[in-house]
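These notes concern the structure reproduced below.
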Amino acid sequence: AQSVTQLGSHVSVSEGALVLLRCNYSSSVPPYLFWYVQYPNQGLQLLLKYTTGATLVKGINGFEAEFKKSETSFHLTKPSAHMSDAAEYFCAVSDRAFFGNEKLTFGTGTRLTIIP
Amino acid sequence: KAGVTQTPRYLIKTRGQQVTLSCSPISGHRSVSWYQQTPGQGLQFLFEYFSETQRNKGNFPGRFSGRQFSNSRSEMNVSTLELGDSALYLCASSLSSGNPYNEQFFGPGTRLTVL
Numbered sequence: 001a002q003s004v005t006q007l008g009s010h011v012s013v014s015e016g017a018l019v020l021l022r023c024n025y026s027s028s029v030p031p032y033l034f035w036y037v038q039y040p041n042q043g044l045q046l047l048l049k050y051t052t053g054a055t056l057v058k059g060i061n062g063f064e065a066e067f068k069k070s071e072t073s074f075h076l077t078k079p080s081a082h083m084s085d086a087a088e089y090f091c092a093v094s095d096r097a098f099f100g101n102e103k104l105t106f107g108t109g110t111r112l113t114i115i116p
Numbered sequence: 117k118a119g120v121t122q123t124p125r126y127l128i129k130t131r132g133q134q135v136t137l138s139c140s141p142i143s144g145h146r147s148v149s150w151y152q153q154t155p156g157q158g159l160q161f162l163f164e165y166f167s168e169t170q171r172n173k174g175n176f177p178g179r180f181s182g183r184q185f186s187n188s189r190s191e192m193n194v195s196t197l198e199l200g201d202s203a204l205y206l207c208a209s210s211l212s213s214g215n216p217y218n219e220q221f222f223g224p225g226t227r228l229t230v231l
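Going line by line, the protein sequences match chains L and V.
Note that the first sequence covers residues 1 to 116 in the working numbering.
Note that the second sequence covers residues 117 to 231 in the working numbering.
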């Protein structure tokens, strides 16, 4: 079964500092990995997704993630935090081993706080 | 293109009642998935519908059910509500065209409170 682990349920960074949110996955097949963001009282918005062949994935709002197979990791980073980045971030894995399996398995989430 | 819409946005029910939530996917999307989000359990997959058929199901009791109509709109129903059913229920749609990198687009959710 697919699973993801997010280290750190709460992360605080100063405005302008580097953001690093950690995600490790467990998968017996090539993983299909995603990062979603959730703002208060809203649904989930896709930040980026991993596609085979690209180890560094660029997403929206200046976020990017690096896929490291040797470390089974897909950490999310942003060089300079902005106040508007305050939200909850979810790493997710999809088992697409067979067509039609749309189920996403989410990590427990990381709440990002930006310190002015 | 309009996004995923969910109605109602907020619901308050009492224990023992039943509730129906509605989801309209993005035009052209044939797959609709439902997730429950709670502070204790996080985001959990309920079920997924494609072409009016349930294609995948999570580990929830039979009180949770759903259906999909020919226009891809979906409803989920929870019968005999329990306090623990209080949650944000999220609907997501996708093309499900066979491309494994198709993303799911989420609606704003329905906040259900059971008293």
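Virtual Cβ for every residue (Gly too), placed ideally from N, Cα, C.
- For Ser149 (chain V), the C-beta contacts it makes with chain L under 8 Å involve Glu102, Lys103, Leu104, in order along the chain.
- Put simply, the backbone Cα of Ser149 (chain V) is about 32 Å away from that of Ala81 (chain L).
- Out of V:Leu211, V:Tyr205, V:Ser210, V:Ser209, the CA that lies nearest to the CA of Asn41 (chain L) is found in V:Tyr205.
- In the three-state reduction of the DSSP assignment, Ile128 (chain V) falls in the strand class.
- Residue-level contact by beta carbon holds for Leu206 (chain V) and chain L, with a gap shorter than 8 Å.
- With fewer than 16 other beta carbons inside 10 angstroms of its own, Ala54 (chain L) counts as exposed.
- Here the C-alpha atom of Gln157 (chain V) lies approximately 17 Å from the C-alpha atom of Val93 (chain L).
- Closest option to Asp95 (chain L), judged by alpha-carbon separation, among L:Leu7, L:Lys78, L:Tyr25, L:Thr108: L:Tyr25.
- In the DSSP assignment, Glu191 (chain V) forms a beta bridge with V:Ser138, V:Arg183.
- Taken through DSSP and simplified to helix, strand or coil, Asn41 (chain L) comes out as coil.
- Three or more Cβ pairs closer than 8 Å define a contact, and the segment 223-230 of chain V meets that threshold against the segment 132-143 of chain V.
- Distance from the CA atom of Glu88 (chain L) to the CA atom of Asn175 (chain V), rounded to whole angstroms, is 25 Å.
- Taking a cut-off of 8 Å for Cβ pairs, the segment 102-116 of chain L and the segment 52-67 of chain L do not touch, as fewer than three such pairs fall below it.
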